[in-house]
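S.K.: Line by line, the protein sequences are chains A and B. Numbering-wise (this note's numbering), the first sequence opens with residue 1 and increments by one. Numbering-wise (this note's numbering), the second sequence opens with residue 1 and increments by one. Ideal Cβ positions, reconstructed from N, Cα and C, are used throughout, including at glycine.
There are 2 protein chains.
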Amino acid sequence: MGKYLAISGGIGGAKLALGLSHALNPAQLTVVANTGDDFIHHGLNISPDIDTLLYTLADLNNTELGWGRRDETWVFAEVCEQLGMDTWFRLGDKDLAIHLYRTERIRQGASLSQVINELRVKFKVRAEIVPMSDTTGATIVESDIGTLSFQEYFVKNRCKPKVSKIHFAGINEAAPAPAFLQILDDEELQGIIICPSNPFLSIDPILSLPGIKEKIKKSAKPVLVVSPVVDGQSLKGPTSKLMHELNLSCNVLSIAEIYHDIATAIIIDTSDKFAIEQIEPLGLSVLSTNIIMNELEEKIELGRQLIELCTSL
Amino acid sequence: MGKYLAISGGIGGAKLALGLSHALNPAQLTVVANTGDDFIHHGLNISPDIDTLLYTLADLNNTELGWGRRDETWVFAEVCEQLGMDTWFRLGDKDLAIHLYRTERIRQGASLSQVINELRVKFKVRAEIVPMSDTTGATIVESDIGTLSFQEYFVKNRCKPKVSKIHFAGINEAAPAPAFLQILDDEELQGIIICPSNPFLSIDPILSLPGIKEKIKKSAKPVLVVSPVVDGQSLKGPTSKLMHELNLSCNVLSIAEIYHDIATAIIIDTSDKFAIEQIEPLGLSVLSTNIIMNELEEKIELGRQLIELCTSL
């Protein structure tokens with residue numbers, strides 16, 4: 001049984017992870033999630049990208065809000081507001097339970113990997129979800145309003161500050177999670193898929209972990225990158241705004257340039273087909289297809305094509 | 001402006017505290033609450049008796065359940081149950097917010113006294129609510145099923161175990177809260193009222209704090225005890241079951257005997273009037289009146305009589 005590794009941030013990555021989990025026997029899929037966004041809020045350990053994956057793969061995600069759980073209620077948050085507590089990161093009543101579970105288990109000495117594995121079993125998710133590290137390298141954003149933690153930038157300030165630099169605190173001392181290293185060494189590994197997540201905020205933290213890029217290169221498995229950019233725009237979130245601030249053109253060629261040292265192929269949208277001849281000189285195969293995954297069928301279809309591509313490369 | 005100190009446990013005490021806060025200008029009232037029941041649950045600092053007082057005095061208490069907040073919802077608790085977490089101590093969505101507030105403020109270095117003062121201001125409670133101590137002496141119950149923390153005895157095992165002994169861990173090292181000591185020394189103090197709470201589980205922890213009994217005696221202020229027993233039964237909770245297990249008769253005479261060394265007067269229900277001549281030889285004044293406080297008017301009326309008695313003694 002071949003295995004596949006998906007490297008993912010939150011929402012965009014979770015869409016593809018869901019497609020892959022349907023295109024494969026879900027037990028063939030390991031999703032490694034960004035934990036650079038993780039933070040402690042009101043004393044609770046919160047892992048936004050992992051939770052998005054968990055809820056999406058468990059079919060419990062809130063597609064209306066785009067984050068959190070479906071049919072969420074906000075009774076707790078309302079009282080917090082009345083008490084004058086910080087409520088810029090909104091905690092739903094249902095969502096809160098998994099934060100408390102995680103916080104308690106970590107205090108008891110469990111690793112984040114263990115906790116996430118327990119949660120995905122409880123939520124009947126059959127694909128493996130692995131945090132990039134049990135010892136987080138926190139994403140730090142340098143901006144025109146000062147140094148911000150990821151959530152201060154992303155949620156509290158709604159990505160409005162102009163970003164000059166992104167770095168990952170303590171990343172050189174952070175150990176990749178054991179299951180992450182294990183899947184990279186697994187002889188059954190058939191391919192690595194970099195999901196259409198933000199390259200700077202979601203994927204770079206994972207690839208910046210000590211030894212990860214080298215291990216990916218050494219694995220000699222196909223590395224497919226699904227472009228987070230379509231027709232000069234990011235599909236979701238601040239990717240396109242960030243690319244401008246970091247003096248990069250927001251197009252699929254820039255995405256190919258960012259990943260060309262580790263990627264085997266890039267998957268771009270049909271609307272960006274014209275860029276194929278600019279990308280190929282970088283040494284990347286290019287597949288142009290529909291990568292806008294609104295419907296479940298589209299997610300599964302893209303998943304199928306990626307698996308096929310891994311086999312053919 | 002005369003001041004009054006009420007010494008209280010949870011529900012029964014809160015009823016009288018509410019009556020007193022209406023019978024007085026609430027700023028004249030200080031309620032010192034038992035914290036022997038306090039515990040940490042899922043990493044949250046929980047103070048059941050204080051919260052009952054807070055909710056009752058803020059007119060937010062759940063009279064249907066007899067504990068917690070009115071119009072409570074249980075979305076969080078349901079998910080906790082699905083996750084297989086301990087749910088014997090049920091945390092409502094609204095209630096949870098004040099536990100998180102307290103836990104965070106204590107972690108930030110605030111004392112429990114400070115936190116409770118903040119909360120009562122936020123809840124617009126004008127009477128002062130003071131924890132007996134910022135360094136809790138936890139109530140421990142020795143029973144036929146072993147040594148239990150208070151909440152294990154009271155909530156988890158619903159007071160079913162047979163009790164042989166009650167003690168208060170670390171009570172000799174626990175310091176009474178500063179505001180508790182202050183009110184006992186206050187020249188404007190006109191009287192001390194021991195609420196109809198459980199003598200063993202709610203009042204004894206408070207009176208067992210180092211120096212407290214001595215300070216009460218030294219204050220030479222009237223000390224009124226409102227009997228938690230009416231017609232041979234406790235009005236609420238396990239008082240009567242406990243008295244039997246501790247080989248005490250469950251009647252107002254026993255209550256008078258428990259408190260006779262510090263009390264000036266005992267307030268008993270009219271139905272227990274016959275016991276007056278047995279009690280008076282203990283050196284206590286006795287007032288017999290209606291002490292069953294179902295309606296707000298009854299609570300206020302009892303409050304008024306107690307204030308009057310303090311003045312006349």
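Using the Cα positions of L91/B and R69/B, report the straight-line distance between them to the nearest angstrom.
M.R.: Within the second sequence, numbered from 1, the residue matching residue 91/B stands at position 91. Within the second sequence, numbered from 1, the residue matching residue 69/B stands at position 69. Taking the straight line joining both Cα atoms gives about 10 angstroms.
S.K.: Return the chain-ordered list of same chain residues with a C-beta closer than 7 angstroms to the C-beta of L54/B, the five sequence neighbours on each side being excluded.
M.R.: Residue mapping note: residue 54/B aligns to position 54 of the second sequence, counting from 1. L119, R120, F123, V125 and I129, listed in sequence order.
S.K.: Can you confirm whether A97/A, when its beta carbon is compared against all beta carbons of chain B, has any partner nearer than 8 angstroms?
M.R.: Start at 1 with the first residue of the first sequence, and residue 97/A comes out as number 97. Answer yes: the Cβ-Cβ gap between A97/A and chain B drops below 8 angstroms somewhere.
S.K.: Between the Cα of L5/B and the Cα atoms of H42/B, I192/B and L235/B, which residue gives the shortest distance?
M.R.: If you number the second sequence from 1, residue 5/B lands on position 5. Here the closest residue by C-alpha is I192/B.
S.K.: Spatial neighbours of L248/A within its chain, please: CB distance less than 7 angstroms, with the 5 preceding and 5 following residues excluded, ordered by chain position.
M.R.: Here residue 248/A refers to the residue found at position 248 of the first sequence. Answer for L248/A: S254, listed in chain order.
S.K.: Is F274/B buried or exposed, if buried means 16 or more other CB atoms sit within 10 Å of its CB?
M.R.: To locate residue 274/B, count along the second sequence from 1; it is residue 274. The residue is exposed, with fewer than 16 neighbouring Cβ atoms inside 10 Å.
S.K.: Restricting to Cα atoms, I'd like to know which of I292/B, T87/B and A220/B is closest to K236/B.
M.R.: Looking up residue 236/B in the second sequence gives position 236. Nearest of I292/B, T87/B and A220/B to K236/B, Cα basis: I292/B.
S.K.: Does any residue of chain A have a CB that is nearer than 8 angstroms to the CB of A103/B?
M.R.: Position 103 of the second sequence, counting from 1, holds the residue named residue 103/B. Per the sequence shown, residue 103/B should be read as Thr rather than Ala. By this cut-off, T103/B is an interface position.
S.K.: Leaving out five residues before and five after L60/B in sequence, what residues of the same chain have Cβ atoms less than 6 angstroms from its Cβ?
M.R.: Start at 1 with the first residue of the second sequence, and residue 60/B comes out as number 60. Result list for L60/B: R69 and R70, in chain order.
S.K.: Identify every residue that forms a DSSP beta bridge with I266/B.
M.R.: To locate residue 266/B, count along the second sequence from 1; it is residue 266. I266/B pairs with V225/B and V286/B.
S.K.: Would L16/A and A127/A qualify as a contact pair, given that the criterion is a beta-carbon distance under 8 angstroms?
M.R.: One-based indexing of the first sequence puts residue 16/A at position 16. One-based indexing of the first sequence puts residue 127/A at position 127. No, the pair does not count as a contact, with Cβ atoms beyond the cut-off.
S.K.: Kindly list the residues whose CB is nearer than 6 angstroms to the CB of S202/A, restricted to its own chain and excluding five residues on each side of it in sequence; keep chain order.
M.R.: By one-based count along the first sequence, residue 202/A stands at place 202. The residues are G9 and N34.
S.K.: Taking C-beta pairs closer than 7 angstroms, name the residues in chain A that R107/B reaches, listed in chain order.
M.R.: Along the second sequence, one-based indexing puts residue 107/B at 107. The answer, in chain order, is G43.
S.K.: Nearest to F76/A by CA position, among T52/A, R105/A, H42/A and G12/A, is which residue?
M.R.: Taking the first sequence and counting its residues from 1, one reaches residue 76/A at position 76. When each option's Cα is compared against that of F76/A, the closest is H42/A.
S.K.: Pick helix, strand or coil for G146/B, following the three-state DSSP scheme.
M.R.: Your numbering for residue 146/B matches position 146 in the second sequence. If DSSP states are grouped into helix, strand and coil, G146/B belongs with the strands.
S.K.: Taking the straight line between their C-alpha atoms, what separation do you get for C195/A and S113/B?
M.R.: For this step, residue 195/A is matched to residue 195 along the first sequence. For this step, residue 113/B is matched to residue 113 along the second sequence. So the two alpha carbons sit approximately 51 angstroms from each other.
S.K.: Quick check on this structure: which residue in D204/A, L306/A and G303/A has the alpha carbon closest to the alpha carbon of D37/A?
M.R.: As a first step, residue 37/A must be located in the first sequence, where it is residue number 37. Selected option, being the one with the closest Cα: D204/A.
S.K.: Determine which residues share a DSSP beta bridge with I7/B and list them.
M.R.: As a first step, residue 7/B must be located in the second sequence, where it is residue number 7. V32/B and I194/B, per the DSSP bridge assignment.
S.K.: Which residue from I166/A, E277/A and T135/A puts its Cα closest to that of A174/A?
M.R.: One-based indexing of the first sequence puts residue 174/A at position 174. Nearest C-alpha to A174/A: T135/A.
S.K.: Quick one: what's got a C-beta closer than 8 angstroms to A263/B's C-beta in the same chain, skipping five residues either side?
M.R.: The residue you call residue 263/B lines up with position 263 of the second sequence. Once the five neighbours on either side are set aside, the close Cβ partners of A263/B are I194, V223, L224, V225, A256 and L284.
S.K.: What's the gap between the Cα of P199/B and the Cα of S234/B?
M.R.: In the second sequence, residue 199/B corresponds to position 199, counting from 1. In the second sequence, residue 234/B corresponds to position 234, counting from 1. Cα to Cα, the separation comes out at about 11 angstroms.
S.K.: From the DSSP output, read off the bridge partner residues of S133/B.
M.R.: Counting from one through the second sequence, the residue named residue 133/B turns up at place 133. Beta-bridge pairing links S133/B to P176/B.
S.K.: So, helix, strand or coil for V22/A, using DSSP?
M.R.: Here residue 22/A corresponds to residue number 22 of the first sequence, with the count starting at 1. The question names Val, but residue 22/A in the sequence shown is His. If DSSP states are grouped into helix, strand and coil, H22/A belongs with the helices.
S.K.: Please tell me whether C250/B has its Cβ less than 8 angstroms away from any Cβ of chain A.
M.R.: Numbered from its first residue, the second sequence carries residue 250/B at position 250. No - not a single Cβ of chain A is within 8 angstroms of the one on C250/B.
S.K.: Mind checking which residues open and close the alpha helix (DSSP H) that includes A256/A?
M.R.: As a working mapping, residue 256/A is identified with position 256 in the first sequence. It spans V252 to Y259 - the alpha helix (DSSP H) in which A256/A sits, taken as one unbroken run.
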